[in-house]
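J.: For the sequence shown, the positions run 110 to 829 when the numbering used here is used.
In this text, a Cβ means the ideal position worked out from N, Cα and C, and glycines have one as well.
In this text the structure is predicted, and so the values were computed from the model without any measurement.
Have a look at this one before I ask anything.
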Amino acid sequence: MKPNIYSQNMKALRKNLPELAKLISGELSADCEYIIEESKSKELTLALKTGDKTTQIHSKYDPAREAKQQIEKSELVNPKLLVIYGLGLGYHVKAALETFKRDISCMFVIERDLSAFRIAVEHVDLSDLLKDKRIKWLIGLKETEAYAACYNAINREGLSLQLYLKTITVFSQPVLTTLYADYDKEIMRHFREAAHATIFNYGNSSDDSLIGLNNILDNINIIIRNPGIKDLYNGFKGVPGIIVSTGPSLSKNIETLKQAVGKSVIVAADASLAPMCKKNIKPDMTVSLERITKTGRIYEELSEDYKKDIYLAATPVIMNMAYEQWNGPKIIVYRDFAHFKWIGIEKGILPIGPSCSNQAFQILKAMGCDPIILVGQDCAFESAEKTHADDVSSLTKLNLRESDLIKVKGNYTDWVYTNNIYNIFRKNFVTDIASYAGKCINATEGGAFIEGSELMTLQEAIDKYCTNEIDVKEVCNKKLKIPSESDVVSSWSSFKRVLKETINEVEEVISACDKGAVEIEKFEERLANEGYNEIEDFLERFPEKDLDSVYLVLNKLRLKAITSGKYFNLFLMHIIQMIIIHFEIEFNALPSMSQDQKRCRLQAIKMLKRWFPQIRDVSRRSLEHIKSQKAENFRNESVFERVILENKPLFDISWEEYKKIVLAKNPGDADKHSLLFYYAKEQENMRKANYYMTQKDLERHQVRIAELKEALKSYFNLEV
Numbered sequence: 110m111k112p113n114i115y116s117q118n119m120k121a122l123r124k125n126l127p128e129l130a131k132l133i134s135g136e137l138s139a140d141c142e143y144i145i146e147e148s149k150s151k152e153l154t155l156a157l158k159t160g161d162k163t164t165q166i167h168s169k170y171d172p173a174r175e176a177k178q179q180i181e182k183s184e185l186v187n188p189k190l191l192v193i194y195g196l197g198l199g200y201h202v203k204a205a206l207e208t209f210k211r212d213i214s215c216m217f218v219i220e221r222d223l224s225a226f227r228i229a230v231e232h233v234d235l236s237d238l239l240k241d242k243r244i245k246w247l248i249g250l251k252e253t254e255a256y257a258a259c260y261n262a263i264n265r266e267g268l269s270l271q272l273y274l275k276t277i278t279v280f281s282q283p284v285l286t287t288l289y290a291d292y293d294k295e296i297m298r299h300f301r302e303a304a305h306a307t308i309f310n311y312g313n314s315s316d317d318s319l320i321g322l323n324n325i326l327d328n329i330n331i332i333i334r335n336p337g338i339k340d341l342y343n344g345f346k347g348v349p350g351i352i353v354s355t356g357p358s359l360s361k362n363i364e365t366l367k368q369a370v371g372k373s374v375i376v377a378a379d380a381s382l383a384p385m386c387k388k389n390i391k392p393d394m395t396v397s398l399e400r401i402t403k404t405g406r407i408y409e410e411l412s413e414d415y416k417k418d419i420y421l422a423a424t425p426v427i428m429n430m431a432y433e434q435w436n437g438p439k440i441i442v443y444r445d446f447a448h449f450k451w452i453g454i455e456k457g458i459l460p461i462g463p464s465c466s467n468q469a470f471q472i473l474k475a476m477g478c479d480p481i482i483l484v485g486q487d488c489a490f491e492s493a494e495k496t497h498a499d500d501v502s503s504l505t506k507l508n509l510r511e512s513d514l515i516k517v518k519g520n521y522t523d524w525v526y527t528n529n530i531y532n533i534f535r536k537n538f539v540t541d542i543a544s545y546a547g548k549c550i551n552a553t554e555g556g557a558f559i560e561g562s563e564l565m566t567l568q569e570a571i572d573k574y575c576t577n578e579i580d581v582k583e584v585c586n587k588k589l590k591i592p593s594e595s596d597v598v599s600s601w602s603s604f605k606r607v608l609k610e611t612i613n614e615v616e617e618v619i620s621a622c623d624k625g626a627v628e629i630e631k632f633e634e635r636l637a638n639e640g641y642n643e644i645e646d647f648l649e650r651f652p653e654k655d656l657d658s659v660y661l662v663l664n665k666l667r668l669k670a671i672t673s674g675k676y677f678n679l680f681l682m683h684i685i686q687m688i689i690i691h692f693e694i695e696f697n698a699l700p701s702m703s704q705d706q707k708r709c710r711l712q713a714i715k716m717l718k719r720w721f722p723q724i725r726d727v728s729r730r731s732l733e734h735i736k737s738q739k740a741e742n743f744r745n746e747s748v749f750e751r752v753i754l755e756n757k758p759l760f761d762i763s764w765e766e767y768k769k770i771v772l773a774k775n776p777g778d779a780d781k782h783s784l785l786f787y788y789a790k791e792q793e794n795m796r797k798a799n800y801y802m803t804q805k806d807l808e809r810h811q812v813r814i815a816e817l818k819e820a821l822k823s824y825f826n827l828e829v
């Protein structure tokens with residue numbers, strides 16, 4: 110060991126990678142002996158000894174020169190995201206950075222053995238590498254933990270890394286990869302799957318995201334008037350939480366689940382409510398995140414009496430009709446989408462994955478539950494026909510074909526069937542569990558293996574962890590803060606300002622896209638007028654300076670479109686991000702397909718020809734809806750808002766008092782204002798009393814509200 114070098118490296122490690130510094134400071138065991146010697150060039154070299162066999166990792170003559178030659182001979186193309194397998198003494202990492210210093214945006218260094226990494230830290234100056242923000246270190250990964258580690262590393266870096274996921278280039282230290290080929294292959298599989306899942310999470314349809322945005326706008330009143338999940342953060346610390354999903358294995362142990370009621374926080378995926386209802390089991394909460402009509406129809410199939418005490422903890426991208434079908438209490442749960450930062454009404458944001466069960470996990474984690482117990486979480490199918498538990502709504506039917514099925518490791522069998530989507534759900538659990546400080550028990554009693562979870566039967570899990578009584582509803586009632594009327598008015602006023610600013614910014618984006626489309630038309634007209642009919646002819650004759658000029662103008666307009674202001678980025682970015690990100694990924698991959706810069710520029714312009722109209726059209730459609738929502742908000746601005754602005758709560762105000770406030774400012778239309786007043790008051794009575802009124806009273810109020818709505822529409826053409 111060289112003390113000065115070790116001290117310098119550890120200082121850099123503790124500052125930049127404290128967890129890794131802690132790992133190599135403890136006791137380590139290795140399956141081989143590492144031998145450090147001085148080479149002929151006076152630089153250190155490394156050998157690896159296993160039993161009687163010694164393998165030289167670096168040259169005994171000039172290890173730095175050898176590494177440089179190996180990197181240069183590898184002919185790596187477009188190594189914007191470079192993965193290096195095997196650290197050795199770091200010569201290859203340094204050679205790659207020197208050779209491709211203008212190309213590398215991000216580098217992953219993967220070394221299987223913590224002891225090997227410590228040897229390098231003890232003997233070679235790696236401090237510059239350890240300080241380099243471009244380098245990500247994946248050291249000592251177990252194969253069972255590799256997917257979660259790769260996924261978290263990719264997502265931790267955000268777009269600065271993710272835009273290069275289609276440029277992944279691999280270099281393997283020649284000797285180490287021969288010794289550990291199976292390990293390298295397995296880690297690379299996990300790395301590519303993590304990259305694929307990251308791209309998948311951005312979606313591939315702006316239409317789907319636009320539906321979600323429209324639903325958020327339609328649900329804005331529900332968002333404003335209901336409490337958020339943030340009120341329950343750490344509210345159930347140390348209480349066991351149970352996620353009930355709809356896998357085929359749920360049919361095996363659903364009866365056992367009854368024993369956990371009142372001794373845990375039970376959160377059910379929306380589709381699992383039907384079989385639970387049939388068994389007379391009430392969860393404490395249900396979750397939903399689908400934007401489609403199906404969610405509302407699932408709720409419609411359930412009795413009002415069953416739903417009335419269950420909290421609906423949904424992300425408000427679900428359709429408004431789903432909320433209308435739910436007569437129980439509601440909790441607003443934001444997914445980590447920019448939309449929810451855009452509306453500016455805090456409710457609590459969670460890093461929710463692609464499925465309802467992933468959502469349930471994050472809710473239980475946020476509430477402090479420990480352990481989290483998985484039930485019916487197969488992430489797998491018995492067959493193409495049998496994909497869910499008994500009694501699950503027919504609306505969840507998948508219509509799989511045998512060709513859709515793939516095999517993955519099972520919990521209790523060598524393999525089970527799943528498909529690519531459900532395998533992504535499974536992998537999302539792997540990453541969720543990896544970032545969870547508590548224990549995760551997989552009590553599914555079947556299904557696919559989820560790395561990081563501990564297998565138990567549900568009976569064993571209940572006997573061990575569900576031993577104390579807990580009144581979940583009482584805790585929720587104490588902690589959830591229903592917005593006051595002044596909160597409601599304040600939120601509405603703030604949101605209207607956001608709408609106004611957003612409209613201005615989206616119009617600027619549309620203008621930039623229109624200009625980009627015009628510039629491309631002018632470019633194509635020139636090509637036609639000057640007789641460029643073949644690509645090779647264009648590459649030979651068209652002035653490179655002119656091509657650069659066209660490209661720079663278009664790129665400037667593109668950047669203007671995607672950096673138009675804070676409201677635009679929050680409002681529309683989630684909708685157009687899949688267009689932008691897929692474009693950027695393909696754009697960054699162009700040099701991988703051709704090293705001819707002129708050809709790459711031409712291809713980029715062709716891509717922008719599609720890009721500008723796509724962004725413009727999505728922006729226009731969003732603008733139409735937001736303008737419609739703005740008009741509706743002002744047209745239907747509730748009477749009680751105006752009253753509360755006078756600091757007089759409608760719940761306690763009489764018609765005579767109301768007339769003095771409103772009709773003094775709006776003389777005439779007394780009949781219309783009378784109807785509006787009583788409509789608003791009925792709504793307020795319903796909201797305040799909904800949790801304790803009888804079913805008969807509830808129905809009476811609903812009929813009265815319907816009559817008032819019809820009267821306003823018939824006599825005054827006013828929709829509320």
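Could you spell out where the beta strand (DSSP E) holding S281 opens and where it closes?
T.: Position 172 of the sequence shown, counting from 1, holds the residue named residue 281. Note, S281: beta strand (DSSP E), 277-281.
J.: Should K124 be labelled buried (16 or more other beta-carbon atoms within 10 Å of its own) or exposed?
T.: By one-based count along the sequence shown, residue 124 stands at place 15. Classification of K124: exposed, given that the 10 Å Cβ count is below 16.
J.: Leaving out five residues on either side along the sequence, give the residues of the same chain with a beta carbon under 8 angstroms from the beta carbon of L132.
T.: As a working mapping, residue 132 is identified with position 23 in the sequence shown. These residues qualify, in order along the chain: L223, I248, G249.
J.: Hey, could you find the ends of the beta strand (DSSP E) G350 is sitting in?
T.: Position 241 of the sequence shown, counted from the start, is the residue given in the question as residue 350. Note, G350: beta strand (DSSP E), 350-353.
J.: Under 8 angstroms, with one C-beta from each stretch per pair, do the segment 282-290 and the segment 233-244 reach the 3-pair mark?
T.: no
J.: Which residues does DSSP pair with F217 in a beta bridge?
T.: Walking along the sequence shown from the start, residue 217 turns up at place 108. The partner list for F217 (beta bridge, DSSP) reads V192, K245.
J.: Quick one: give me the first and last residue of the alpha helix (DSSP H) that I533 is part of.
T.: Along the sequence shown, one-based indexing puts residue 533 at 424. 529-543 is the span of the alpha helix (DSSP H), which, as asked, contains I533.
J.: Who pairs with I550 in a beta bridge, going by DSSP?
T.: Taking the first residue of the sequence shown as 1, we reach residue 550 at position 441. Residue pairing by DSSP places I550 opposite I482, E563 in a beta bridge.
J.: How long is the line joining the alpha carbons of I329 and W435, rounded to whole angstroms?
T.: Translated into the one-based positions of the sequence shown, residue 329 becomes position 220. Translated into the one-based positions of the sequence shown, residue 435 becomes position 326. Taking the straight line joining both Cα atoms gives about 16 angstroms.
J.: Look up Y526 in the DSSP assignment and say whether it is helix, strand or coil.
T.: Along the sequence shown, read from residue 1 onward, the residue named residue 526 stands at position 417. Y526 falls in the strand class under three-state DSSP.
J.: Alpha carbon to alpha carbon, what distance is there between F692 and E628?
T.: For the purposes of this step, residue 628 is identified with residue 519 of the sequence shown, where counting begins at 1. For the purposes of this step, residue 692 is identified with residue 583 of the sequence shown, where counting begins at 1. Distance between the alpha carbons of E628 and F692 is about 19 angstroms.
J.: Assuming Y223 is part of the alpha helix (DSSP H), what are its boundary residues?
T.: As a first step, residue 223 is located in the sequence shown; it is residue number 114 there, counting from the start. Note on identity: in this sequence residue 223 is Leu, with Tyr being the wrong assignment. That run of the alpha helix (DSSP H) goes 223-232.
J.: Can you check DSSP and say which residues form a bridge with E104?
T.: The shown model of the chain, from 110 to 829, leaves out residue 104, and the question about it has no answer.
J.: In three-state terms, what does DSSP make of A423?
T.: Reading the sequence shown from its first residue, position 314 is the one you call residue 423. DSSP places A423 in strand when its eight states are reduced to three.
J.: Going by alpha carbons, who is nearest to I508 out of T496, I333, A304, L288?
T.: For the purposes of this step, residue 508 is taken as the residue at position 399 of the sequence shown. For the record, residue 508 in the displayed sequence is Asn; it is not Ile. Taking only the C-alpha atoms, the option nearest N508 is T496.
J.: List the whole-angstrom C-beta distance separating Y420 from D393, where the pair is believed to meet the contact cut-off of C-beta under 8 angstroms.
T.: Start at 1 with the first residue of the sequence shown, and residue 420 comes out as number 311. Start at 1 with the first residue of the sequence shown, and residue 393 comes out as number 284. Confirmed, about 7 angstroms.
J.: Closest Cβ-Cβ distance between M716 and chain C: below 8 angstroms?
T.: Reference to chain C is not applicable here, since this structure consists of a single protein chain.
J.: Rounded to whole angstroms, what's the CA-CA distance from N324 to I735? Just pull it up for me.
T.: Along the sequence shown, read from residue 1 onward, the residue named residue 324 stands at position 215. Along the sequence shown, read from residue 1 onward, the residue named residue 735 stands at position 626. Cα-Cα distance, rounded: 11 angstroms.
J.: Nearest CA to the CA of I219: which residue from R211, D234, A258, H232?
T.: Position 110 of the sequence shown, counted from the start, is the residue given in the question as residue 219. For I219, the nearest C-alpha among the options comes from A258.
J.: State the Cα-Cα distance for the pair E554 and K120, rounded to the nearest angstrom.
T.: Position 445 of the sequence shown holds residue 554. Position 11 of the sequence shown holds residue 120. C-alpha separation (whole angstroms): 48 angstroms.
J.: If V186 sits next to V353, beta carbons under 8 angstroms apart, how far is it from one beta carbon to the other, in whole angstroms?
T.: Within the sequence shown, residue 186 is the residue found at index 77, counting from 1. Within the sequence shown, residue 353 is the residue found at index 244, counting from 1. At roughly 49 angstroms, the Cβ-Cβ gap does not stay under 8 angstroms, so V186 and V353 are not in contact.
J.: Is Q165 helix, strand or coil when you go by DSSP?
T.: To locate residue 165, count along the sequence shown from 1; it is residue 56. Here DSSP, grouped into helix, strand and coil, assigns Q165 to strand.
J.: Less than 8 angstroms between the CB atoms is what I'm expecting for K251 and I213, so what's the real figure, rounded?
T.: Within the sequence shown, residue 251 is the residue found at index 142, counting from 1. Within the sequence shown, residue 213 is the residue found at index 104, counting from 1. Wrong, their Cβ atoms sit about 27 angstroms apart, outside the cutoff.
J.: Between the alpha carbons of I440 and L206, how many angstroms are there, rounded?
T.: The residue labelled residue 440 in the question sits at position 331 within the sequence shown. The residue labelled residue 206 in the question sits at position 97 within the sequence shown. Cα to Cα, I440 sits roughly 50 angstroms from L206.
J.: Helix, strand or coil, according to DSSP, for R729 in the structure here?
T.: Working through the sequence shown from its first residue, we reach residue 729 at position 620. If DSSP states are grouped into helix, strand and coil, R729 belongs with the helices.
J.: Which value, in whole angstroms, describes the spacing of the CA atoms of C622 and R667?
T.: Residue numbering aside, residue 622 sits at position 513 when the sequence shown is read from its first letter. Residue numbering aside, residue 667 sits at position 558 when the sequence shown is read from its first letter. Distance between the alpha carbons of C622 and R667 is about 7 angstroms.
J.: Taking only three categories from DSSP, how would you classify S397?
T.: Residue 397 sits at position 288 when you count from the first residue of the sequence shown. DSSP places S397 in the strand class (E or B) of the three-state scheme.
J.: Comparing alpha-carbon positions, which option in H167, M565, F226 lies nearest Y200?
T.: As a position in the sequence shown, residue 200 is number 91, starting the count at 1. Comparing Cα-Cα distances from Y200 to each of H167, M565, F226, the minimum goes to H167.
J.: Do you know offhand how far K474's Cα is from S464's?
T.: Here residue 474 refers to the residue found at position 365 when the sequence shown is read from its first residue. Here residue 464 refers to the residue found at position 355 when the sequence shown is read from its first residue. Each residue's alpha carbon lies about 16 angstroms from the other.
J.: DSSP three-state call for L440: helix, strand or coil?
T.: Reading the sequence shown from its first residue, position 331 is the one you call residue 440. Before going on, a small fix: residue 440 reads as Ile here, not Leu. Three-state DSSP puts I440 in a strand.
J.: Within the continuous alpha helix (DSSP H) that includes V618, where are the two ends?
T.: Residue numbering aside, residue 618 sits at position 509 when the sequence shown is read from its first letter. In the DSSP assignment, V618 falls within the alpha helix (DSSP H) that extends over 594-638.
J.: Per the contact definition of three or more C-beta pairs closer than 8 angstroms, is the segment 639-655 in contact with the segment 703-716?
T.: yes
J.: Locate the beta strand (DSSP E) running through K158, then write down its first and last residues.
T.: Taking the first residue of the sequence shown as position 1, residue 158 is located at position 49. First-last of the beta strand (DSSP E) with K158: 153-159.
J.: Mind checking R635: buried by the 16 CB within 10 Å criterion, or exposed?
T.: Working through the sequence shown from its first residue, we reach residue 635 at position 526. Burial check for R635: the Cβ neighbour count within 10 Å stays below 16, so the residue is exposed.
J.: DSSP state of L185, grouped into three classes?
T.: Here residue 185 is taken as the residue at index 76 of the sequence shown, counted from 1. Three-state result, L185: coil.
J.: Round the Cβ separation of P460 and Q468 to the nearest angstrom and send it over; I've been treating them as touching at under 8 angstroms.
T.: Sequence index remark: in the sequence shown, residue 460 carries index 351 (1-based). Sequence index remark: in the sequence shown, residue 468 carries index 359 (1-based). Between Q468 and P460 the Cβ distance is about 10 angstroms, and since that is not below 8 angstroms, they are no contact.
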